[in-house]
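*Asks:* Quick one: the structure is below, and I'll ask about it shortly.
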Amino acid sequence: MHNGMKNPTVPKPKFGIGLNLGNLNLKMSGNHGMGLIRGGLRGNIPAGFVIVPGMGVKISTDSAFYPVTVDKFGDAFCFDE
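The structure is reproduced here in structure tokens:
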């Protein structure tokens, strides 16, 4: 950067899925893959898991988005019906 300023640093999480969800190009994901959930969540979140806010996985072009969840070890999962 200019004027002797350092580049901003991104804090590293203590655990997580290892990617910055803010850097994903969701417009390029097409009709399937990972996308931003605006409604229509399906399924239940099992005990011991937390949902990644606003993120889901579309299994096929005919399916809804299923929520991405993370367990206490930082591993990401998606549970379908």
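Everything in the sequence shown is counted per numbering that gives the first Met the number 0, starting at 0 for the first residue and increasing by one. Quick reminder that beta carbons are idealized off the backbone N, C-alpha and C, glycines included.
(1) Which term fits T68, buried or exposed, when burial requires 16 or more other beta carbons within 10 angstroms of its beta carbon?
(2) With C-beta atoms as the reference, is F48 less than 8 Å away from F76?
(3) Less than 8 Å between the beta carbons of F64 and V56, yes or no?
(4) Counting only the same chain and skipping the five closest in sequence on each side, list residues whose C-beta sits under 7 Å from that of S62.
*Replies:* Once the coordinates are examined:
(1) Along the sequence shown, read from residue 1 onward, the residue named residue 68 stands at position 69. Per the 10 Å Cβ criterion, buried.
(2) As a working note, residue 48 is residue 49 in the sequence shown. As a working note, residue 76 is residue 77 in the sequence shown. Cβ distance < 8 Å, so F48 and F76 count as in contact.
(3) Within the sequence shown, numbered from 1, the residue matching residue 64 stands at position 65. Within the sequence shown, numbered from 1, the residue matching residue 56 stands at position 57. Yes, Cβ-Cβ distance for F64 and V56 is below 8 Å.
(4) Indexing the sequence shown from 1 puts residue 62 at position 63. Contacts found: none.
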